[in-house]
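Asker:
Numbering (our numbering), first residue to last: -12 to 1125.
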């Protein structure tokens, strides 16, 4: 089988052709059935076979076996039909529907379910289900009741959408199949595109019953097959338009129902043993539930078959004959005991029905199915169904609402799991199902309402399921109800999660690239026997890669480890922080890549001690894991829990922006950029709250080193993440201003600064005021009294520049170098003015416009070369001088733009007479000026006109438009751009010596003596990087966490006050009131019924009293009976009388 094609959509020829190639293996694996023995149908006078097709539809071999046909009385699919390669598969386009194509395949009833399931999930791209609801019954033209339609529309489809379920029916436009299709259609019209993908309707229909099935036949596959559905009641066996996939089961018969029943039961059983979640990483098997609506006697056989395989059933009471029979059977036999008159063989139920129970069942079978001849078989099936009553749940429309249908499904499956899995409690199974369906509302109301005391062991597996399958609400719920993340997250589990990344994500591909590098280094050792074999956890029967489970055992040196994660983070984060997880792997940043790979391979071969260790920073590790997968909601929750909120948000922003540069898919790239901006806004808001609370602590927060994030600071991370919005905050700018001014007062006049610039000794007078140094414990930041220069690096003079001027042979060269040096020195003065609030943004605009000029020069160069070469060829037939050729090809066309056009050399009518030139090749090679060619001179003028038109009008105006766009774009955010550039400027000058050239040599000598001879450390570094002891760092983190909680509370309050949220809360309240009113109406109806019964009983009692009085009076007047004692008197209870 080929690789899966998940992203295929029908419609285009190229896409259909690709899909056709991908499915070319289907006829080799999947077969159809054809009747090969003609078994005469006695009621057709020899024209029809018992398979349903005519004699002419059978081959000569099938009709020629007269002796075999004579001794056969009953046609059997297995004996009288054979398998051939299928001739109907591909895509189906419903003519006039205007919707996405549906997949279909014609398959034998004996096709293995694993092949079909893999075809659907891997090659058709159908999402794996979290639940399968198989709706049976109600076939043919049987009328479906109105309330059943409401249950399907408001209950089943809504539950399928919320749980991610498959709805499996017959797929035909009749009965229940049509009602389910209409319910899916109505949901599709009202739901969003994301919800639409969660409802998958699968039709399993008998091939021989489908109308116009010949339109689907194509041995090469149909891509698509056009299928027309008439909107009439006569075509009830047409395929329904609202299904995403059709499995057309072929048992060799034509026009007969029930040929798909056995295959459908096997398919349900196979799916029930597959795991939920991504790549089967869930904690439970896929729940499968059969739903019985109405039905005939054949539904008893279908139900008995599924119950024997522990498939639970949900029966709709009041929907029709078979469903009503099952409900009445369960209710009538619930009070009767079962007897065991004789021991049964091993493997069968130890209980057998009593005679009285059998008689009751027989009576009900006769009443519901009077025309059936095989009465005893129906009774036996009904009794076996009753023996599996624990797997049956009854839905009563009078007691339960369609809105509660998903809860009914959950409880039905929990009830079945309780019977099947005896080693787990009911609550844990219900929790697993709620996680698989992502129904956190059910979990909160039913399981985490405070009545159940959950333990860590109960939540561990469900937590893993929720994390891998991106269910952040459950992660939050488990963390709030007893799961300790410190005990839960180990480095081995974290490695397993990285191994389970989806293979279509950018992070997975980058990790695999790093893993291949390490495997390549390990290959020689592996051949020598040092390393184990490279084995991938894949299923042999499936082409799909199966990642390593997060709960797997010790990994070998060829499996993904934290080293690959560390290398990926290093590639993304750069040098802004120390490598992650290097201390665990006993590595150092200075270690070369080759030595690190060799060390890691050796470490992983041994029993790695770090794998069993608990993660030091669990929430930060989870944040990185979620951000690498671009999981927005989960990443934000981990950020809330991680601590160091400002730095964590900036780190997430940095990772996302770097990944977005490497991402090729546009939609994913945009989502990464949006999430990065969201994290930057979160960091900005939290820091703003910190700045309002305490200015001094907020400054410390910006420059403190964080062990959690590789000794990085907020300012460093914000610079690496290009977080302009964060730098625009007043608190950040206030810190930068404080570092820029140092101890000097900020209100110092400009003329004093200019005077001190030219006369440095003035600094030591009282002309310039400095702030008084306060005690270290009360100071905001440690500052140095060093004076910072504005032009410390604004020169590239070198001693060689001066030496070149003292020698005659190098005088001219040195003079040229000095001229260039002066030009560069002068232009570098522009860099100084970037600190100015008004000039700084304009300098940024100029820098942005320089990028536009490069694009303009690219287009201009193309036109210059095109015109210059053509002009040179037309004007000069031969000119061997390279310098003049380049001058005429590049320099002269460029000067044409500015109006410098030598018309006397280009226009034949303007040529100057007496001009010294020659056409002699020998003279031209000796250096003579070649003459201008007058041939096709008109073409030279036309080319000149076109060139000037394009360059002077088109390209120049294009450049002006680009400048205008850049100016307007930057001008709106010029303040933000300037504040961001201001940090880089201050950081640059902060590290430069204080003296200007040529006195800078004094500063260099001073620093050499101070740092390398006297070993005096620099205090300037503390202005931007500050290391805080453990206790002070803990207090700072606590204070930051409090400010984060304040800002999150304020944001949640604003979110709740939005009109949409208020409307949602109002709708919930209205629904609650309506439910209460419905309950009140039900109670009032019951009260009225009770009152009516009481009145009736009172009337009857009065009648009986009157009759008895009449009898007593009559007897007292008669002499037939003589009383032996006086008549009784009415006794009244004192309590009642009171």
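Beta carbons: idealized from backbone N, C-alpha and C, even for Gly.
For the beta strand (DSSP E) that contains residue 443, what are its first and last residues?
Answerer: Here residue 443 belongs to no beta strand (DSSP E); instead the alpha helix (DSSP H) covers 443 to 455.
Asker: Quick one: which unbroken alpha helix (DSSP H) runs of 4-plus residues sit fully inside the stretch 252 to 305? Chain order, please.
Answerer: 285 to 294
Asker: If you draw a straight line from the alpha carbon of residue 1003 to that of residue 1015, how long is it in whole angstroms?
Answerer: 21 Å
Asker: Along the chain, which unbroken stretches of the alpha helix (DSSP H) at least 4 residues long are found entirely within the stretch 645 to 724?
Answerer: Listed in chain order, they are 653 to 680, 682 to 690, 701 to 707 and 711 to 714.
Asker: On the CB-based measure, 16 or more other CB atoms within 10 Å of its CB, does residue 696 come out buried or exposed?
Answerer: buried
Asker: Roughly how many angstroms separate the alpha carbons of residue 464 and residue 1033, rounded to a whole number?
Answerer: 21 Å
Asker: For residue 1113, name the three-state secondary structure that DSSP assigns.
Answerer: coil
Asker: How would you label residue 197, buried or exposed, when you count the other beta carbons within 10 angstroms and need 16 or more for buried?
Answerer: buried
Asker: Counting C-beta neighbours from all protein chains within 10 Å, is the total for residue 373 16 or more, i.e. buried, or is it exposed?
Answerer: buried
Asker: Does the beta-carbon of residue 255 have 16 or more other beta-carbons within 10 angstroms, so that it is buried, or is it exposed?
Answerer: It counts as buried.
Asker: For residue 304, collect the residues of the same chain with a Cβ closer than 6 Å to its Cβ; drop the 5 residues on either side in sequence, then sort them by chain order.
Answerer: So the qualifying residues of the chain are 314, 381 and 383.
Asker: Using CA atoms only, rank isn't needed, just tell me which of 585, 562, 79 and 563 is closest to residue 573.
Answerer: Comparing C-alpha distances from residue 573 to each of 585, 562, 79 and 563 shows the shortest one belongs to 585.
Asker: For residue 356, does the three-state DSSP call read helix, strand or coil?
Answerer: coil
Asker: Tell me which residue opens and which closes the beta strand (DSSP E) that residue 190 is part of.
Answerer: 187 to 193
Asker: If you compare alpha carbons, which of 594, 589 and 616 is closest to residue 552?
Answerer: 616
Asker: Locate the beta strand (DSSP E) running through residue 915, then write down its first and last residues.
Answerer: Note, residue 915: premise wrong, no beta strand (DSSP E); not H, not E.
Asker: Should residue 396 and residue 146 be called a contact, given that it needs their Cβ atoms to be closer than 9 Å?
Answerer: yes
Asker: Please list the terminal residues of the continuous alpha helix (DSSP H) segment that includes residue 235.
Answerer: First-last for residue 235: 232 to 237, but that is the beta strand (DSSP E), not the alpha helix (DSSP H).
Asker: Who are the near neighbours of residue 749 in its chain, counting only those whose CB is closer than 7 Å to its CB and skipping five residues on each side?
Answerer: Hits under 7 Å: 742 and 743.
Asker: Would you mind working out which of 162, 458, 672 and 420 sits nearest residue 129, comparing C-alpha positions?
Answerer: Closest option to residue 129, Cα to Cα, is 162.
Asker: For residue 865, is the classification buried or exposed, using 16 other Cβ atoms within 10 angstroms of its Cβ as the cut-off for buried?
Answerer: exposed
Asker: Apply the 10 Å Cβ neighbour rule to residue 125 and answer buried if 16 or more other Cβ atoms are within range, or exposed otherwise.
Answerer: buried
Asker: Is the beta carbon of residue 967 less than 9 Å from the beta carbon of residue 714?
Answerer: yes
Asker: Are there 16 or more other CB atoms within 10 angstroms of the CB of residue 671, so buried, or fewer, so exposed?
Answerer: buried
Asker: Please work out which residues of its chain come closer than 6 Å, Cβ to Cβ, to residue 33, disregarding the five sequence neighbours upstream and downstream, and give them in chain order.
Answerer: 27
Asker: So is residue 517 buried or exposed if we call it buried at 16+ other beta carbons inside 10 Å?
Answerer: Summary for residue 517: the model assigns pLDDT 39, below 50, so the residue's position carries little reliability, and this model does not support an answer.
Asker: Nearest-angstrom Cα distance between residue 66 and residue 121?
Answerer: The C-alpha of residue 121 is placed about 29 Å away from the C-alpha of residue 66.
Asker: Skipping 5 residues on each side, what residues in its chain have a beta carbon closer than 6 Å to that of residue 691?
Answerer: 1013 and 1015
Asker: Taking the continuous beta strand (DSSP E) assigned at residue 569, which residues delimit it?
Answerer: It is not in any beta strand (DSSP E) - residue 569 carries neither H nor E in the DSSP assignment.
Asker: What is the DSSP secondary structure of residue 986, counted as helix, strand or coil?
Answerer: coil
Asker: So residue 964 and residue 840 are in contact, right, with Cβ under 8 Å, and what is the actual spacing, rounded?
Answerer: About 19 Å; that fails the 8 Å criterion.
Asker: Grab the span of the beta strand (DSSP E) containing residue 383 for me, first residue to last.
Answerer: 379 to 383
Asker: Start and end of the alpha helix (DSSP H) containing residue 996?
Answerer: Segment: none, residue 996 is in no alpha helix (DSSP H) and carries neither H nor E.
Asker: With DSSP collapsed to three states, give me the class of residue 1175.
Answerer: The requested residue 1175 is not part of the displayed model; the chain covers only -12 to 1125.
Asker: So the beta strand (DSSP E) residue 1132 belongs to, where does it begin and stop?
Answerer: Residue 1132 is absent from the structure shown; the chain starts at -12 and stops at 1125.
Asker: Under 8 Å Cβ to Cβ from residue 317, same chain only, skipping five residues before and after it: list those, please.
Answerer: 373, 376, 379 and 381
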